[in-house]
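Residue numbers (the UniProt record's numbering), protein chains in the order written: chain R, 1 to 565; chain F, 1 to 565. All residues carry an ideal CB built from backbone N, CA and C; glycine is no exception. Report on the structure given below.
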């Protein structure tokens, strides 16, 4: 089954639902906002997904990455696809034009990322880490470093990796042990071992620029003693040419449940040469500025794989004949059975609402990075901070669920590898774990994004939403939505008022709270899409309110029980 | 991590919660009911699980079954384990003593099955299919056939397979095409191709007895034209010795997401010799008598893998150090974090309630098979009919969810193959699909088990439960439970009264209804366990009512919305 890029639905979001042209009017960087260009980019991204990425997705899963004495070989076809990816300019969409980037909005890029994750999650991860690296350098490196590294990272000629996790330090980075010794020439010698490094080694790019968290000899204990270093696989000469091999080497790769064509590396440093970014002990601060983009990107893995699984399940349900149905002579396609319809509609409603939230969040990120108005920036930063953990965790929890439903539609054929439905499930599963587990996202949401600002971010968001909702036509769903948002607000304030210092209680409810909030936001987005869209959107909206939103009632009750409310 | 058979919890169910000795008093077949013997059997089953099955579980997954020109080779160690399984008498626990069985209660056997599934699901499936075959022959074959085949199937020297599915006929068996031509000697020649045949071919037993659904030349169309045939891999001579190879051959095996050490075969018959069981066109009727046992067995796969995943996650959470916690110097074990506790308690509460439901259902099956009192048999049959689809679907949906949570507790280490947590997820996933997809279970529940008898089975069950609940000590949870069961009853009667002929509506709500009922039954079982047990059971019960039962509220609302109530 060939992937069909949902370009119409995507442009519907950009134009009709969020009217980004209007919204970005005050931003000079987006002065050349051009819907037709954006649609053309999405069309091209769709072709790239279908023609280049999808054909090597299953073979990549079967073959996996191979490790031999420090060298990692990607599956057949990956090198050529990566070359085409670089030549097509797909690495540089949102990067700074000063260094060769295209300066396009994140609100557009999320849709491209969705397509690439949909058709080849393993492949997509290499570029995602490269983008993480260059955005981080854009924000924190000095000019000389930027000039030296950014153009090749932005083009994709070189790739990037983020070396954070150590065997004993995953969610708790504060206890990491990798050491960095200052040298007389201003560089550092790094020693230590990192694990779970996505794209830490591979054969697709000429060089790999590792961004490594480590401790200086005089570093204070804990998270405040972590510094960030740029450690190239090959040293880069002053003229930009590639120099000698640096002492950072891949010790092995992991054998995993999925994303088998993505190399997950143990990276060993033995006096590897590194260069400090943004001064001593600034490591975690630097990482935090990047996290929103990376976390949203991983969220899109959930949306993309959910869309892919949906398209295949929908096609299969139309073709597979089992059982009888009214008005069908002989055996009916299984889509005629109500339970199958319920499954398909569930997949579709979750995926499309997620896509809308991604564009919405992308637009806040665009304002945060590109606006010159301090008030706009401050608000956009708050909204991005609030919505990012929701997007990362809910997109991926639901992505896994949606892929599991898609597999179920195929029955036994969903369990055999041949049809590819089980690969989506295996590939989707990691997104709930890496880039901060979804438990960590939930703690981030309730602790840093709700309690720490006493609910101010949420209030800001709800105020906007309520103004918007005021303009919606009256309906039973509108009343339900107003009630739902009031419930979200009340519950959040009760947490702020009564449990600000009770970290245990916050932990007990964190995941349920995140899901409860996400389901409430999806209700808003569905009504907003129904207002802007055709009958099919209205039908989906009705299904969402009827069948999926009720999940939020159970979550609310569970939270209230835990809090004794 | 070595599996710890939860024998104490199991004996707590047999003795304290359900008091099976008392319950089985009127059944002559269980006159020698002996709690100490049962505990000893469970201890031995635990040792077999830990010493024989668990050690070849991960290697079996890595190696998988190999196919070469019709021959299937099981992974290293499987043949020896199977030999030990046969010699240990593990195949024959519930079988008829007349043919060498041990005649033990199903209510005990479910616990043994749980352990075997927990430690090696792939291995366990071969025996499960053999049991399916011999129970079917016990019920429907003539004496000569029983004498010839049962002793070797019951001992496990020969294994069994159930050949139902064809490429175009899965959930809809009525359209299957395999043909059976009557021969002058009273036998039949079968031709056709079956797919997804678990244990259809392997190298562990001397013979394989296939039970095959096929059509006679004069068969009516649809499900009423299906007959059942015994088709041995090797013909069996009158003296019981093995004769010539029959024309049923394995054409290939599937490459699957999980249960990789279980062979899933395409079985081709080209004029294979078969013997009809129970006369023409009785095939589906025969299968239906077996389905309860097979479906419960597959349900136990969910419970077993959930327990295994829980034990590993619990151990890991006690050992893995990340983050701070009050009262802990330095880095705390992650079990000290509330979100991890929530995950572990969720796993435990679902798994233990499932185990209780399995024993409860097992006892009904025992009464149905072994009582001599017609009233007891009739009621037990009704209860088994009602509870079986709930057990199969909910145990396996929740088993998959629980294994996914267990994997999450491990973070990135849960995603790599090394720790085995991801194998549980992959192995658990199939149980939602085979032996009737969980969607089919839900339709069976609402259509055949609720609507068809106008809610009579449910009423019978609720009447019993209410008498029982009357004796429980007063508590907030008792009131909630009474309310919950009233809600279940009301909703069920509304479906019976208003939607008996509306198959679409039944389909739309079927899965949510099944989960809603299961969560309600689990609430009853938790209160029942808390009444009979220690403080730890009370704590778990409170957690269940506080955090997990609320899920049922959302489901109820979703169903009511769909029905316009």
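Asked                                                                                                                                                                                 : Found
By the three-class DSSP mapping on this structure, what secondary structure does residue 71/F have?                                                                                   : strand
Any contact of the stretch 356-363 of chain R with the stretch 313-321 of chain R, i.e. 3+ C-beta pairs under 8 Å?                                                                    : no
Measuring alpha carbon to alpha carbon, tell me which of 502/F, 384/F, 167/F ends up nearest residue 461/F.                                                                           : 384/F
If you follow the alpha helix (DSSP H) that residue 535/R is part of, which residue opens it and which one closes it?                                                                 : 535-543
Could you name the residues of the stretch 507-525 of chain R whose beta carbon sits closer than 9 Å to any beta carbon of chain F, in the order they occur along the chain?          : 507, 508, 509, 510, 511, 512
Would a check of beta-carbon distances place residue 561/R closer than 7 Å to chain F?                                                                                                : yes
In chain F, what lies closer than 8 Å to residue 558/R by C-beta?                                                                                                                     : 546, 547, 548, 550, 551
Going by Cα to Cα distance, which pick from 492/R, 507/R, 395/R, 522/R is closest to residue 477/R?                                                                                   : 522/R
Applying the criterion that 16 or more other CB atoms from any shown protein chain within 10 Å of the CB defines a buried residue, is residue 505/F buried or exposed?                : buried
Do residue 227/F and residue 276/F have their C-beta atoms closer together than 7 Å?                                                                                                  : yes
Can you name, in chain order, every residue of its own chain whose Cβ lies under 7 Å from the Cβ of residue 454/F, other than the five neighbours on each side?                       : 496
Please tell me whether residue 559/F and residue 524/F are closer than 7 Å, where the distance is taken between their beta carbons.                                                   : no
Checking 7 Å against the spacing of the C-beta atoms, do residue 253/F and residue 67/F come in under that value?                                                                     : yes
For residue 360/F, report the span of its alpha helix (DSSP H) as first-last.                                                                                                         : 338-370
Alpha carbon to alpha carbon, what distance is there between residue 97/F and residue 19/F?                                                                                           : 24 Å
Looking at the strands, I want to know which residues DSSP matches up with residue 214/F.                                                                                             : 227/F
Please report the distance separating the alpha-carbon of residue 210/R from that of residue 248/R.                                                                                   : 9 Å
The alpha helix (DSSP H) spanning residue 419/F covers which residue range?                                                                                                           : Note, residue 419/F: premise wrong, no alpha helix (DSSP H); not H, not E.
With a threshold of 6 Å, establish whether the CB of residue 522/R neighbours any heavy atom of the ligand GDP.                                                                       : What this structure holds is no ligand at all, so the ligand GDP is not there to describe.
Helix, strand or coil for residue 291/R per DSSP?                                                                                                                                     : helix
I want to know whether the stretch 364-377 of chain R touches the stretch 418-436 of chain R - three or more CB-CB distances under 8 Å.                                               : no
According to the neighbour-count rule (16 or more other Cβ atoms, all chains shown, within 10 Å of its Cβ), is residue 220/F buried or exposed?                                       : exposed
Evaluate residue 288/R with the Cβ neighbour count: other Cβ atoms within 10 Å of its Cβ, from every protein chain shown; 16 or more gives buried, anything less gives exposed.       : exposed
Give me the chain F residues within the contact set of residue 499/R, using Cβ-Cβ distance strictly less than 7 Å, ordered along the chain.                                           : Within chain F, no residue comes near residue 499/R; the closest Cβ sits about 11 Å away, beyond 7 Å.
At least one CB of chain F closer than 7 Å to the CB of residue 424/R: is that the case?                                                                                              : no
For the UniProt domain "Acyl-CoA oxidase/dehydrogenase middle" (161-271) of chain F, enumerate the residues whose C-beta is nearer than 9 Å to any C-beta of chain R, in chain order. : 165, 168, 169, 170, 171, 172, 174, 175, 195, 196, 254, 255, 256, 257, 258, 259, 264
Going along the chain, which unbroken runs of the alpha helix (DSSP H) with 4 or more residues stay wholly within the stretch 93-148 of chain R?                                      : 106-140
Closer than 7 Å, CB to CB, is residue 504/R near chain F or not?                                                                                                                      : yes
Mind checking the stretch 101-132 of chain R against chain F and listing, in chain order, the residues whose C-beta falls within less than 9 Å of any C-beta there?                   : none
At the 7 Å Cβ level, is residue 337/F part of the contact set with chain R, yes or no?                                                                                                : yes
I'd like the list of long-range same chain contacts for residue 246/F, defined as Cβ closer than 8 Å, with 5 residues on each side in sequence excluded.                              : 231, 232, 233, 234, 235, 272, 273
Give a yes or no on contact between the stretch 342-352 of chain F and the stretch 402-421 of chain F, applying the rule of three or more CB pairs nearer than 8 Å.                   : yes
Assuming residue 23/R is part of the alpha helix (DSSP H), what are its boundary residues?                                                                                            : 20-23
How many Å lie between residue 470/R and residue 279/R at the Cα?                                                                                                                     : 49 Å
Please state whether DSSP places residue 459/F in a helix, a strand or coil.                                                                                                          : helix
Based on Cα-Cα distance, which residue from 171/R, 173/R, 135/R, 143/R lies nearest to residue 159/R?                                                                                 : 135/R
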